[in-house]
Amino acid sequence: MSDKVYSYGKQTIDEQDIAAVVEVLKSDWLTQGQTVSNFENALAEKFGSSYAAVASSGTGTLHLIAKALGWSKDDIIITSPITFLASANCAVYVGATPDFVDIDSSSYTIDPNKLEDKLKSYLHQNKKVKAVVAVDYGGHPCDWIALKTLQTKYGFQLVNDFCHALGAEYKNDIKYAVKYADAVNLSFHPVKHITTGEGGAILSNDSNFDKKIKSLRTHGMIKDENVLIEKNNGPWYYEMHEPGFNYRLTDMQCALGLSQLKKLDLFLEKRRKIAEYYNQALKDDNRLIIPSVSENVNHAYHLYALQIKFDSLSVSKKEFFARLKAKRILGQVHYIPVHLQPFYKNNFGFKFGDFPIAERFYAFEISIPMYPTLEEEDLNYISSTIIQTLNECE
Ligand SMILES: Cc1ncc(COP(=O)(O)O)c(C=O)c1O
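In our numbering, the protein residues as written are 63 to 456.
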């Protein structure tokens with residue numbers, strides 16, 4: 063009997079990746095060298111942006127975006143409740159006010175109609191929303207045409223938290239993200255499509271914004287002659303106009319990222335085949351809801367977000383998780399709606415019932431194993447074990 067344990071996601075590292083990192087380890091530059099810009103150029107090319115700036119995590123990049131877009135106290139920043147904490151926390155880091163808009167019940171991304179209702183209600187209170195952080199949840203692009211239309215009408219900044227969606231296509235376009243959003247945020251955490259261990263990047267088409275990000279990620283230091291306030295005293299000279307951070311990504315990590323990026327298309331092909339397998343195996347079971355894919359979308363399947371109608375089973379979600387774990391399947395839940403975190407309830411007054419679609423999705427959702435090295439026998443085991451466990455819980 064196999065003793066394989068199936069987590070919901072994990073990295074795929076091969077000998078080429080290892081050799082690429084070793085090469086940098088033997089070179090003169092472990093950080094702030096040429097491999098950083100090589101990785102940035104490759105990301106910009108792959109996703110069609112004029113600029114790319116890497117940083118130490120997808121959380122650091124959101125913080126940098128918040129700073130570079132000038133968010134501050136009393137600015138209202140809207141995101142989806144079904145996302146990782148960082149998509150909302152970035153507003154809090156800069157003293158802005160986070161708010162949420164419920165998800166669409168089939169794409170699980172922010173609902174543009176509800177967003178418009180919220181924008182209108184703020185306008186009635188003479189308030190303007192500064193930015194919307196829309197999340198391409200699980201690898202499914204948001205309704206970007208609708209979001210862009212709202213941006214034109216109401217004039218807010220639009221950020222794509224694209225951490226789940228590397229390689230997704232919107233209207234047959236893998237380079238869609240930067241065409242709709244002012245800033246696009248990536249993460250290279252090991253469960254994501256490509257990894258650098260920890261890491262992130264920001265894509266944009268705005269040279270000044272990119273320069274600002276690149277300065278803020280390294281303490282706010284500026285060397286560019288054209289923007290110095292005082293006299294350039296020599297080759298060592300730099301100025302700081304506002305304090306930044308150390309959010310740099312190393313050359314070792316960028317070497318891994320470059321090597322991984324070359325395999326993104328293969329990883330995507332594998333992920334889509336896995337999703338197709340699960341779809342076929344699980345679609346006819348009326349206790350389950352498989353992820354749906356909107357027209358104009360090619361899903362990138364960072365997650366396979368299965369919904370189980372726990373309200374019609376005899377056991378709780380907690381018990382169901384324990385039973386799967388005993389059979390070596392370690393599911394995960396994406397996500398506990400962010401507005402239900404004690405911090406958001408206590409500081410901003412959110413409560414259960416505020417975003418019912420997101421809350422119901424949370425009650426049902428379980429992310430089942432999705433990573434490129436899963437083979438047919440693994441998928442057969444995982445899907446049949448889910449159905450068998452459901453049968454035990456009737
Ligand atoms: C949607 C989303 N945004 C931001 C992040 C933060 O990325 P990181 O883990 O690289 O800090 C994550 C990571 O899980 C994420 O899923």
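Glycine residues also receive a C-beta, built at the ideal position from the N, C-alpha and C atoms.
What do you reckon, are the CB atoms on Ile138 and Pro399 nearer than 8 Å? no
May I ask whether a heavy atom of ligand 1 can be found less than 7 Å away from the beta carbon of Glu427? no
Could you tell me which whole beta strand (DSSP E) segments of length 3 or greater appear in the stretch 123–173? 138–141 and 159–162
On the DSSP bridge assignment, give the partners of Glu301 in chain order. Ile284
Reduced DSSP secondary structure (H/G/I, E/B, other) of Glu427: Glu427: strand per DSSP, three-state reduction.
From Val67 to Pro431, what distance separates their C-alpha atoms? 10 Å
Could you pull the start and end residues of the alpha helix (DSSP H) that Asp205 belongs to? No alpha helix (DSSP H) contains Asp205, which DSSP labels as neither H nor E.
Can the beta-carbon of Glu231 be found closer than 8 Å to that of Asn360? yes
Quick one, what's near ligand 1 if you take every residue whose CB is closer than 7 Å to any heavy atom, in chain order? That gives Ser119, Gly120, Thr121, Gly122, Leu124, Thr145, Phe146, Ala148, Ser149, Val197, Asp223, Cys225, His226, Asn247, Ser249, Phe250, His251, Glu260, Gly261 and Gly262.
Looking at Val163 and Lys176, is the spacing between their C-beta atoms short of 8 Å? Result yes, Cβ atoms of Lys176 and Val163 sit closer than 8 Å.
Per DSSP, what are the beta-bridge partners of Asn222 in this structure? Ala196 and Val246
Where does Glu292 land, buried or exposed, given buried means 16+ other C-beta within 10 angstroms? exposed
Check whether the stretch 355–372 and the stretch 111–118 touch, using three or more Cβ-Cβ pairs below 8 Å as the test. no
Candidates Asn188, Lys241, Ile172 and Ala337: closest to Asp268 by CA position: Lys241
What's the gap between the Cα of Pro404 and the Cα of Cys152? Spanning the two alpha carbons is a distance of roughly 17 Å.
Within 10 Å of its beta-carbon, does Asn247 have 16 or more other beta-carbons around it, so buried, or fewer, so exposed? buried
Whether Gly306 touches Arg279 by CB criterion (8 Å): Yes. Within cutoff.
What is the C-beta distance between Pro203 and Arg333, in whole angstroms, given that I count them as a contact (C-beta under 8 Å)? Not quite, the Cβ-Cβ distance comes to about 15 Å (not below 8 Å), so this is no contact.
Alpha helix (DSSP H) segment containing Ala384, residue limits: Lys379 to Ala388
Who are the near neighbours of Gln394 in its chain, counting only those whose CB is closer than 7 Å to its CB and skipping five residues on each side? Tyr70 and Ser429
What residue ranges within the stretch 393–441 form continuous beta strand (DSSP E) runs of no fewer than 3 residues, ordered along the chain? 427–430
For the beta strand (DSSP E) that contains Ala367, what are its first and last residues? Tyr366 to Ile370
Which word fits Leu87, buried or exposed, when buried means at least 16 other C-beta atoms lie within 10 angstroms of its C-beta? Leu87 comes out exposed.
Who are the near neighbours of Lys407 in its chain, counting only those whose CB is closer than 8 Å to its CB and skipping five residues on each side? His401 and Lys413
Taking Cβ positions, are Thr451 and Leu386 nearer each other than 8 Å? yes
Below 8 Å between beta carbons: does that hold for Gln322 and Gly261? Not in contact: Gln322 and Gly261 (Cβ atoms no closer than 8 Å).
Helix, strand or coil for Gly229? Go by DSSP, reduced to three states. coil
Helix, strand or coil: which one does DSSP assign to Gly319? helix
In three-state DSSP terms, what is Ser266? strand
When you compare only the Cα positions, how much space is there between Thr447 and Cys225? 30 Å
Hey, His255 and Leu228 are a contact pair by Cβ (cut 8 Å); roughly how many whole angstroms apart? 4 Å
For Ser376, which of Ser354, His125 and Glu456 has the nearest alpha-carbon? Glu456
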